[in-house]
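What follows is a single structure, written as structure tokens, with notes after it.
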Amino acid sequence: MSTIGMLHAEIVENLATPVWIIKQTCVRVCVQEAVCALNTLQTNVSVLDQVRRERSDQPELQLQAMRGFLHRTGLTVDKLDHLNIIHVTGTKGKGSTCAFTERILRDYGFRTGFYSSPHLVQVRERIRINGQPISKELFTKYFWEVFAQLDDTKDSHGVSMPAYFSFLTILAFQYLFIQQVDLAVIEVGIGGAYDCTNIIRKPWVCGISSLGIDHTSILGDTIEEIAWQKAGIFKPGVPVFTVKQPDRPMTVLQGRAKEIGCPLWVCPDLEQYESGAGHLSLGLAGQQQRCNASLALQLSKTWLQPCCPGSGEQHNMKNDLSHPSLTSPLISLPLSPGLEATEWPGRTQTLRHGPVTYYLDGAHTTGSMQACVHWFSQEIQQEESSNRGPVIRVLLFNTTGERDSAAMLKLLEPCQFDFAVFCPNITETITENNADQQNFNVSVENMLTRCLDNQISWQSLSGTETKQGSESELLIKDRLPLLAKTRTNTLVFPCILSALQWISQGRDTVLATAGCPYLPVQPSVMAKAEPLREAAQVSVLVTGSLHLVGGALKYLDPSLAS
Numbered sequence: 033m034s035t036i037g038m039l040h041a042e043i044v045e046n047l048a049t050p051v052w053i054i055k056q057t058c059v060r061v062c063v064q065e066a067v068c069a070l071n072t073l074q075t076n077v078s079v080l081d082q083v084r085r086e087r088s089d090q091p092e093l094q095l096q097a098m099r100g101f102l103h104r105t106g107l108t109v110d111k112l113d114h115l116n117i118i119h120v121t122g123t124k125g126k127g128s129t130c131a132f133t134e135r136i137l138r139d140y141g142f143r144t145g146f147y148s149s150p151h152l153v154q155v156r157e158r159i160r161i162n163g164q165p166i167s168k169e170l171f172t173k174y175f176w177e178v179f180a181q182l183d184d185t186k187d188s189h190g191v192s193m194p195a196y197f198s199f200l201t202i203l204a205f206q207y208l209f210i211q212q213v214d215l216a217v218i219e220v221g222i223g224g225a226y227d228c229t230n231i232i233r234k235p236w237v238c239g240i241s242s243l244g245i246d247h248t249s250i251l252g253d254t255i256e257e258i259a260w261q262k263a264g265i266f267k268p269g270v271p272v273f274t275v276k277q278p279d280r281p282m283t284v285l286q287g288r289a290k291e292i293g294c295p296l297w298v299c300p301d302l303e304q305y306e307s308g309a310g311h312l313s314l315g316l317a318g319q320q321q322r323c324n325a326s327l328a329l330q331l332s333k334t335w336l337q338p339c340c341p342g343s344g345e346q347h348n349m350k351n352d353l354s355h356p357s358l359t360s361p362l363i364s365l366p367l368s369p370g371l372e373a374t375e376w377p378g379r380t381q382t383l384r385h386g387p388v389t390y391y392l393d394g395a396h397t398t399g400s401m402q403a404c405v406h407w408f409s410q411e412i413q414q415e416e417s418s419n420r421g422p423v424i425r426v427l428l429f430n431t432t433g434e435r436d437s438a439a440m441l442k443l444l445e446p447c448q449f450d451f452a453v454f455c456p457n458i459t460e461t462i463t464e465n466n467a468d469q470q471n472f473n474v475s476v477e478n479m480l481t482r483c484l485d486n487q488i489s490w491q492s493l494s495g496t497e498t499k500q501g502s503e504s505e506l507l508i509k510d511r512l513p514l515l516a517k518t519r520t521n522t523l524v525f526p527c528i529l530s531a532l533q534w535i536s537q538g539r540d541t542v543l544a545t546a547g548c549p550y551l552p553v554q555p556s557v558m559a560k561a562e563p564l565r566e567a568a569q570v571s572v573l574v575t576g577s578l579h580l581v582g583g584a585l586k587y588l589d590p591s592l593a594s
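Residue numbers (this note's numbering): 33 to 594.
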């Protein structure tokens, strides 16, 4: 019997159960079954390694397949042309740029759609209308409709189901199209040219946030190769705005814009808007958000202009790197409330839970980590100046993929952490109720091995010596270990929950009352936590991976998981 069948039988036997509880339970089980089915589309780690080794010489075939998948669900690229899209790519800040843009235009009264990745806590976060994630009921409804359409036609088309991200992109396009949004802000997944969102043919406007080195096995090893990939979202006659870029990638963007035939504009510094509109307050902290806000203002201004994509006004824009007009009334004060009201969890976010303050930022490249360190240093200086008594600084860190962990840890070392804690992106050792955050693209062994490598890198940077003996062994048998492995001022925990519980030492009332099972640790590890129990303030920086930040937010901000 299926999970739903067993649940139905249980409800029939207990007719005294209130109807609202029955409905809520059914919805929870249904959405979990949908997410579990979605997870079957994740690429198995062994298959993924083979694909990386045999990287295709014809990546454009991926877009052909994506068009075929879309057509099999009844939504063709011709129909997709009628969806008004703002398409944004970049290495750093593209999600924040999208969040700013969506909020500005929502405040103007437009019905906004928003597709982003990755999610932090629940997969439904990726698909939003007017800032709200798709409901559990609608996610379940549209998921099974799209899944059935693709599953029923896979044999006749001689191809299998789309991969995880491709499926979610199709689902997002379907939902946003059916809901008839006024506009849809679409964040590119990886790269641009061959990203599955790039089946979009007629976006209203395109944006490029800061460029850097990331996803090198897919996009290339140099900044020029990456810039070429990002510029792949350019479309003839469609205006493109970019933040200021280094000379080499900017030259590539210019060349691609000329080749494709689209105007390319560089966004001004935010201070240039402020000279005419007063001070612009941002809802997202950090100096790096200022260029993202400027890009969002230009994208919003282009949408608000009374012209359609491909119209004469847009075609007549000069294809150069001149600054766009700063005198337009659409760039003045009416846009600023949207900037100030923007929320984008997990990016330069601060949560204060009594004596424990969490600083969360999903920085995962050296460039974004530099910005994270600058933000954290400023925040911690203000926080500690108002405290009387000892303050303990804790780093909670992990990375994924090809990221250069050692380089990022080197940037973090000057922050003078008292403890460096490492854990994999596993929320807790019991995974039954954690379908949204399961990842089959990497093995548990690899995740834990990376944590130990990160610990060794940190010890090398901080000059601490590794203990020898049984505590230095990685114990991976048939399940995750429940005990933390300790080495001087660094610790490796098997999951995010156990790391947070050790760091907070019961002093975080939100975490303590979340109803999470307490995960035991060795007495020697508990003894090391005495400074955490006695400190007047514990400041915790959670960074290195958006997946790590999302796993932490599941417990630190329960509203995101409700």
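Ideal Cβ positions, reconstructed from N, Cα and C, are used throughout, including at glycine. Quick caveat: nothing in here was measured; it's all calculated off a predicted structure.
Per DSSP, Q569 is one residue of the beta strand (DSSP E) stretching across 569-575. Under the DSSP assignment, V284 falls in the alpha helix (DSSP H) whose first and last residues are 279-292. Taken through DSSP and simplified to helix, strand or coil, C527 comes out as coil. Counting only runs that start and end inside the segment 421-478, the alpha helix (DSSP H) elements of at least 4 residues fall at 437-444.
Looking at Q74, G264, L428, the one whose alpha-carbon comes closest to that of V572 is L428. Scanning its chain for C-beta atoms nearer than 8 Å, with the 5 sequence neighbours on each side dropped, one finds around P590 the residues V542, A546, in chain order. By DSSP's assignment, E257 forms no beta bridge with any residue. Distance from the CA of R104 to the CA of Q181, rounded to the nearest whole angstrom, comes to 7 Å. Residue pairing of T334 in beta bridges, as defined by DSSP: absent, with no partner found. In terms of Cβ geometry, C228 and F197 form a close pair [threshold 9 Å]. A216 is bridged by DSSP to I117, G145.
T374 sits close to F132, with the two beta carbons spaced by under 9 Å.
For T389, the number of other beta carbons within 10 angstroms of its own is at least 16, and it is reported as buried. Residue pairing of S594 in beta bridges, as defined by DSSP: absent, with no partner found. L336 sits close to L137, with the two beta carbons spaced by under 9 Å. Per DSSP, the beta bridge partners of T274 are I240, V298. Each residue's CA atom was taken as its position, placing Q410 and T172 some 43 Å apart. Taking the Cβ atoms as the reference, I424 lies roughly 4 Å from A567, within the contact range of under 8 Å. Y147 and I159 do touch by the CB rule: their CB atoms are close to 6 Å apart, below 8 Å. Shown here, I222 sits in coil according to DSSP, grouped into three states, outside any helix or strand.
By the 16-neighbour rule on beta-carbons within 10 angstroms, C68 is exposed. For L383, the enclosing beta strand (DSSP E) stretches over residues 381-385. In summary, I210 is exposed, with fewer than 16 beta-carbon neighbours lying within 10 Å of its beta-carbon over all protein chains present.
Residue nearest to R280 within the set G264, L296, I258 is I258 (criterion: CA-CA distance).
In the DSSP assignment, L392 falls within the unbroken beta strand (DSSP E) covering 388-393. Here H396 is buried: its Cβ has 16 or more other Cβ atoms, across all protein chains shown, within 10 Å. Here Q413 is exposed, its C-beta having fewer than 16 other C-beta atoms within 10 Å. Contact between F454 and N486 holds: their C-beta atoms lie close to 5 Å from each other, under 8 Å. K124 counts as buried, since at least 16 other C-beta atoms from the protein chains shown sit within 10 angstroms of its C-beta. The three-state reading of DSSP puts K262 in helix, counting H, G and I together. The alpha-carbon of K442 is positioned some 12 Å away from that of I488.
Across the set G239, G141, F179, the C-alpha of G239 shows the shortest separation from the C-alpha of T121. In the DSSP annotation of this structure, I136 is not part of any beta strand (DSSP E); the continuous alpha helix (DSSP H) holding it starts and ends at 126-139. Per DSSP, reduced to three states, the secondary structure at P194 is coil, with no helix or strand assignment.
Around G318, the same chain offers T380, A403, W407 as residues with beta carbons nearer than 7 Å, after the five sequence neighbours per side are excluded. Within the same chain, Cβ atoms closer than 8 Å to the Cβ of P91 are found at A225, Y226, the five residues on either side in sequence being excluded.
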